[in-house]
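Trainee: Please see the structure below; I have some questions.
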Amino acid sequence: MLKATDLTKRYEDGHLALDHVSFEVKKGEIFCLLGANGAGKTTTINLFLDFIEQSDGNAYIEGIDVHKEPLEAKKYVSYVSENVMLYGNFTARQNLDFFAKLGGKPNLTKDDYYMYMRQVGLQEEAFEMRLKNFSKGMRQKVGITIAIIKDAPNILLDEPTSGLDPKAAAEFVKILKGLREEGKSILMCTHDIFRAKEIADHVGIMKEGRLVMLRSRNDFLEDDLEKIYLEYMQEAVV
Amino acid sequence: MILKIALKDFYNNLVSSRFVIGFLLCLFLIPFTMIVSINDYQSQMKAYETEFKQAEENNHIRVYSEYRPEIVKAPEPLSIFSRGISHQVGNKVRILFGEKPMTATGKTAVRDNPLLNSFFSLDFTSVLAIIMSLLALLFSYDACTGEREQGTLKLLMVSSLGSWKILLGKIVGAVLTLLPVILFCYIICSLIILFHPAVAFSTAEWLSIVALFGISIVYFVFFLAVGLLISTRLRSSVTSIIVCLFIWVSTVFVIPNMAVYGAQSFVQRDTEENLRFALSDLDQKFRSEEDAYANTLPAPDWWMHFNLSGRIDGGALMGGCAKSLYERYRDLNTFREPLRVEYADKKWALQKAYIDKLDKQRKFAERLALSSPSELYRQAVSSLCKTDVPAQYRFLEKTREYREELIGYYQDEGLFESFNYFTREDPKTFMTADEIIITRTGGDFKTLADYNTNGGTWKSMDKVDIPGTNPYEYDFLDTSNMPQFHTSAGIDAKAVISVLYRAAVLLIVSILLFFLSFVSFTRYDVR
Chain A
1 MLKATDLTKR
11 YEDGHLALDH
21 VSFEVKKGEI
31 FCLLGANGAG
41 KTTTINLFLD
51 FIEQSDGNAY
61 IEGIDVHKEP
71 LEAKKYVSYV
81 SENVMLYGNF
91 TARQNLDFFA
101 KLGGKPNLTK
111 DDYYMYMRQV
121 GLQEEAFEMR
131 LKNFSKGMRQ
141 KVGITIAIIK
151 DAPNILLDEP
161 TSGLDPKAAA
171 EFVKILKGLR
181 EEGKSILMCT
191 HDIFRAKEIA
201 DHVGIMKEGR
211 LVMLRSRNDF
221 LEDDLEKIYL
231 EYMQEAVV
Chain B
239 MILKIALKDF
249 YNNLVSSRFV
259 IGFLLCLFLI
269 PFTMIVSIND
279 YQSQMKAYET
289 EFKQAEENNH
299 IRVYSEYRPE
309 IVKAPEPLSI
319 FSRGISHQVG
329 NKVRILFGEK
339 PMTATGKTAV
349 RDNPLLNSFF
359 SLDFTSVLAI
369 IMSLLALLFS
379 YDACTGEREQ
389 GTLKLLMVSS
399 LGSWKILLGK
409 IVGAVLTLLP
419 VILFCYIICS
429 LIILFHPAVA
439 FSTAEWLSIV
449 ALFGISIVYF
459 VFFLAVGLLI
469 STRLRSSVTS
479 IIVCLFIWVS
489 TVFVIPNMAV
499 YGAQSFVQRD
509 TEENLRFALS
519 DLDQKFRSEE
529 DAYANTLPAP
539 DWWMHFNLSG
549 RIDGGALMGG
559 CAKSLYERYR
569 DLNTFREPLR
579 VEYADKKWAL
589 QKAYIDKLDK
599 QRKFAERLAL
609 SSPSELYRQA
619 VSSLCKTDVP
629 AQYRFLEKTR
639 EYREELIGYY
649 QDEGLFESFN
659 YFTREDPKTF
669 MTADEIIITR
679 TGGDFKTLAD
689 YNTNGGTWKS
699 MDKVDIPGTN
709 PYEYDFLDTS
719 NMPQFHTSAG
729 IDAKAVISVL
739 YRAAVLLIVS
749 ILLFFLSFVS
759 FTRYDVR
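So the sequences go chain by chain: A and B. Start counting the first sequence at 1; every next residue gets the next number (the working numbering). Start counting the second sequence at 239; every next residue gets the next number (the working numbering).
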């Protein structure tokens with residue numbers, strides 16, 4: 001479970017990146033944060049990962065205050081970034097092995113890694129290929145595999161489908177649905193309103209650091225999410 | 239987990255082009271440098287053997303006043319690793335009673351063609367100081383920035399490892415990568431030394447090489463810490479490498495040169511000309527006192543020196559002279575030689591003041607250079623290899639001690655008051671001037687006055703030879719009982735302290751830099 005209460009971030013130059021944002025991602029839910037660039041989506045993720053220090057409010061992972069007990073909190077979270085790079089000189093399996101051991105899974109075998117990679121739809125011939133030869137979509141799959149292997153109850157995704165071709169994006173969405181079924185709490189920041197509409201249980205629209213709209217699946221399916229989103233964006237432009 | 243990160247970095251480094259280039263550089267430069275250094279050492283040894291033989295021959299003396307031994311310092315075998323100042327200072331010292339040894343003389347440039355000495359040449363430790371510092375920076379400048387730029391730092395930080403473990407893993411990874419390179423360099427050197435017929439190292443010297451290896455690791459760890467700290471302070475690898483290279487050039491090349499310039503600018507010293515003038519004044523005073531005393535002595539009945547060979551520093555080899563002249567010389571020596579030693583002490587006060595000022599300048603430069611780790615490293619290594627300035631001072635100090643010992647021997651044995659100081663004729667056979675005239679002219683002239691007034695010539699004195707009056711027929715003196723100069727082969731405590739002090743400074747600063755890196759990394763913006 002992920003929870004933000006009055007989460008605020010003001011940088012030293014005075015810029016207010018996040019303004020009292022509160023939301024909760026329950027077990028088996030996908031929460032999509034939508035918003036334009038600079039709206040505060042990635043800042044929210046960074047605060048959940050303790051990459052930056054909040055100015056006010058709190059972020060909780062499984063009820064643990066991230067800022068007070070970051071190492072304890074990080075045991076219960078996985079993260080997939082917008083552009084998964086990993087170690088180019090390592091093969092996909094070696095990358096998985098390295099991060100699996102860091103994530104506290106020291107006893108996985110080669111077959112286990114192969115099984116996980118098949119699960120995310122990575123082609124067999126790529127398993128022992130060096131990652132520097134991978135396309136973005138393939139790297140993204142390795143990134144999500146790392147998150148799956150860690151088997152943390154919470155997953156943070158920062159623009160995971162950005163730059164993916166439609167087929168890869170569709171496969172990615174399928175994987176996320178599977179993870180939701182396993183009971184994971186997933187917080188996904190994205191520009192991709194169509195993917196959000198497809199998989200989100202809750203959608204939050206962020207603008208200038210504030211969470212300006214929060215709708216559940218039933219609500220935004222009834223309303224026209226695209227229209228609402230564009231209205232908010234339009235206001236942002238104005 | 240730390241080891242896992244370390245092994246990951248080790249593998250990543252191993253397949254990187256910077257490692258391959260660094261390794262090839264060492265593979266080419268280190269053996270090449272060693273062979274050049276060994277050849278230089280061989281030439282030095284040849285020159286030393288010739289000079290030593292010459293000095294031994296010069297020590298064959300007929301009278302005690304001739305004994306002014308020349309001490310030739312053997313080249314240090316470890317100069318193969320670090321030349322220090324051994325190529326800039328002399329290796330010979332003549333023990334004089336009239337002056338204490340202040341500096342060594344002699345040619346120490348090693349190449350047969352002296353014009354080749356103008357070419358740039360580096361010893362093993364200088365090459366290592368340049369390469370290892372550069373490699374250490376190249377493998378640490380992007381420790382954090384690189385991970386941040388390739389997006390893996392976030393993934394590392396999401397693990398529940400803690401930033402200090404991640405950083406420690408990266409340090410161990412860099413050490414694991416470069417430690418074998420340093421080890422490889424030393425193994426190559428050791429093999430070359432082991433199989434080179436011209437070099438034979440003692441156990442102490444092999445132990446010194448082990449210590450050299452230890453200091454090299456500390457030195458390389460220092461630059462690793464510098465690179466790491468910079469990497470934890472910056473966000474971009476490009477900026478990091480620029481800052482690292484700036485620090486590298488400054489600490490390896492600029493600061494040592496600036497330290498010399500600073501010392502020359504801020505610490506004044508007398509010119510050598512002033513010292514020479516002051517010493518010349520004392521020499522003048524010594525001669526005046528000598529002349530004044532000589533004037534109080536009764537004139538001999540004959541000033542004739544049938545055989546006289548003048549030597550430096552009061553040395554004289556005489557034969558065939560009148561008894562009264564011998565007695566005058568003996569009386570003069572009894573007064574003059576202790577006076578010579580006394581004036582040497584007076585001159586030494588001036589010389590020491592001059593040396594102290596030179597040393598003050600050196601120490602000032604050394605302190606300024608403490609801000610350069612490569613200079614600290616070079617100082618520690620040359621100290622270990624006995625090629626630093628203090629080692630040269632210790633050698634000169636030993637020669638001065640030996641001089642005192644020798645003078646003590648002369649005084650104890652009463653050699654200054656002895657006729658053997660300048661002649662080997664038996665005092666019982668000394669003749670008056672008239673007796674010499676009668677004997678040498680075969681009775682043609684009865685007295686010196688007769689010889690002088692009745693047309694005596696040198697030719698008329700060649701009629702009858704007096705045996706035992708030709709100094710060049712004297713046997714050589716047995717000098718085996720005289721004090722001999724011995725070099726100490728053992729390890730000097732001061733040198734050990736000097737090495738440990740510098741290594742400790744490097745290590746402590748490295749630990750401090752690592753600590754700062756950890757503090758900095760906990761606040762690192764991983765985004």
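Built from N, CA and C at the ideal position, the CB exists for glycine as well. Small disclaimer: the values here were computed from a predicted structure and weren't measured.
Return the CA-CA distance between L241 of chain B and L417 of chain B, expressed in angstroms with no decimal places.
Mentor: Answer to the nearest angstrom: the Cα atoms are 15 Å apart.
Trainee: If you run the structure through DSSP and keep just helix, strand and coil, what is L34 of chain A?
Mentor: DSSP places L34 of chain A in strand when its eight states are reduced to three.
Trainee: Alpha carbon to alpha carbon, how far is V120 of chain A from K177 of chain A? Give it in angstroms, no decimals.
Mentor: About 12 Å.
Trainee: Could you tell me which residues DSSP puts in a beta bridge with I431 of chain B?
Mentor: In DSSP, I431 of chain B forms no bridge with anything.
Trainee: Whose C-beta lies closer than 7 Å to the C-beta of L467 of chain B among residues of the same chain, with five residues either side of it excluded?
Mentor: The answer, listed in chain order, is L751, L754, S755 and S758.
Trainee: At a cut of 8 Å, does the segment 358 to 369 of chain B reach the segment 318 to 327 of chain B through at least three beta carbon pairs?
Mentor: Flag = yes, the segment 358 to 369 of chain B and the segment 318 to 327 of chain B touch.
Trainee: What's the gap between the Cα of V459 of chain B and the Cα of I430 of chain B?
Mentor: Cα to Cα, V459 of chain B sits roughly 26 Å from I430 of chain B.
Trainee: How about I453 of chain B and A731 of chain B: do their beta carbons lie closer than 9 Å?
Mentor: Their beta carbons are not under 9 Å apart, which means I453 of chain B does not touch A731 of chain B by this criterion.
Trainee: Could you check how far apart the C-beta atoms of V456 of chain B and L745 of chain B are, in whole angstroms? I think they sit under 8 Å.
Mentor: That pair is a contact at about 5 Å.
Trainee: What does the alpha-carbon distance come out to for the pair V310 of chain B and K684 of chain B?
Mentor: Answer to the nearest angstrom: the Cα atoms are 53 Å apart.
Trainee: If I follow the unbroken beta strand (DSSP E) through C189 of chain A, where does it start and stop?
Mentor: Element bounds for C189 of chain A: S185 to T190.
Trainee: For chain B, find out if any of its Cβ atoms is closer than 9 Å to the Cβ of Y116 of chain A; answer yes or no.
Mentor: Not closer than 9 Å to any Cβ of chain B, the Cβ of Y116 of chain A fails to qualify, so no.
Trainee: With a Cβ-Cβ cutoff of 9 Å, do A463 of chain B and I749 of chain B count as a contact?
Mentor: It is a contact, given that the beta carbons lie within the stated cut-off.
Trainee: Would I259 of chain B pass as an interface residue toward chain A - the criterion being a Cβ-Cβ separation below 9 Å?
Mentor: No, I259 of chain B lies away from the interface with chain A (no Cβ there is under 9 Å from its Cβ).
Trainee: Buried or exposed for I735 of chain B, please, with buried defined as at least 16 other CB atoms from any protein chain shown within 10 angstroms of its CB.
Mentor: With fewer than 16 other Cβ atoms within 10 Å, it is exposed.
Trainee: Using the three-state DSSP reduction, which class does I205 of chain A fall into: helix, strand or coil?
Mentor: Looking at I205 of chain A - three-state DSSP - the assignment turns out to be strand.
Trainee: Can you check whether the C-beta of G400 of chain B is within less than 9 Å of a C-beta belonging to chain A?
Mentor: Yes - at least one Cβ of chain A is within 9 Å of the one on G400 of chain B.
Trainee: Is there a Cβ of chain B sitting closer than 9 Å to that of L7 of chain A, yes or no?
Mentor: So no, L7 of chain A is outside the interface.
Trainee: Using a Cβ-Cβ cut-off of 9 Å, state whether N329 of chain B counts as contacting chain A.
Mentor: It does not; no Cβ of chain A falls within 9 Å.
Trainee: For the segment 530 to 617 of chain B, which segments carrying the alpha helix (DSSP H) assignment without a break, of at least 4 residues, lie completely within its bounds, in sequence order?
Mentor: Listed in chain order, the complete alpha helix (DSSP H) runs (minimum 4 residues) inside the segment 530 to 617 of chain B are 561 to 606.
Trainee: According to DSSP, is V25 of chain A helix, strand or coil?
Mentor: Looking at V25 of chain A - three-state DSSP - the assignment turns out to be strand.
Trainee: Which chain A residues are close to K392 of chain B, counting only those with a beta carbon under 8 Å from its beta carbon?
Mentor: Correct list: L49, F51, Y79 and S81.
Trainee: Taking Cβ to Cβ, would you say A501 of chain B is nearer than 9 Å to A603 of chain B?
Mentor: Yes, Cβ-Cβ distance for A501 of chain B and A603 of chain B is below 9 Å.
Trainee: Please say whether H15 of chain A and D6 of chain A have beta carbons closer to each other than 9 Å?
Mentor: In this structure, H15 of chain A does not lie closer than 9 Å to D6 of chain A by Cβ.
Trainee: Run through the segment 149 to 188 of chain A for me and flag every whole alpha helix (DSSP H) of 4 or more residues, listed as ranges in chain order.
Mentor: Counting only runs of 4 or more, we get 166 to 181.
Trainee: Going by C-alpha distance, which of A:T8, A:G35, A:K26 and A:I52 is nearest I155 of chain A?
Mentor: Considering only alpha carbons, the answer is A:K26.
Trainee: Would you mind reading off the limits of the alpha helix (DSSP H) that contains M239 of chain B?
Mentor: Element bounds for M239 of chain B: n/a, residue is neither H nor E.
Trainee: Kindly indicate which residue of B:E639, B:L366, B:T288 and B:G328 has the alpha-carbon position closest to the one of F270 of chain B.
Mentor: When only C-alpha atoms are compared, the closest one is B:L366.
Trainee: Just the C-alpha distance for T343 of chain B and M542 of chain B, rounded to the nearest angstrom, thanks.
Mentor: Computed Cα separation, rounded: 37 Å.
Trainee: Taking C-alpha atoms, which residue in B:K291, B:I550, B:A607 and B:V505 lies nearest to D597 of chain B?
Mentor: Checking every option, the nearest Cα to that of D597 of chain B belongs to B:V505.
Trainee: For my contact list, V84 of chain A and I61 of chain A are in at a C-beta cut-off of 8 Å; report their separation, rounded to the angstrom.
Mentor: That pair is no contact at about 21 Å.
Trainee: So K74 of chain A is in the alpha helix (DSSP H); what residue range does that whole segment cover?
Mentor: Where K74 of chain A is concerned, the enclosing alpha helix (DSSP H) stretches over P70 to K74.
Trainee: What are the complete alpha helix (DSSP H) segments, minimum 4 residues, inside the segment 641 to 698 of chain B?
Mentor: Correct list: 671 to 678 and 686 to 691.
Trainee: Taking just the CA atoms, how far does I175 of chain A sit from G143 of chain A?
Mentor: About 12 Å.
Trainee: If you run the structure through DSSP and keep just helix, strand and coil, what is T5 of chain A?
Mentor: Reduced to three states, the DSSP call for T5 of chain A is strand.
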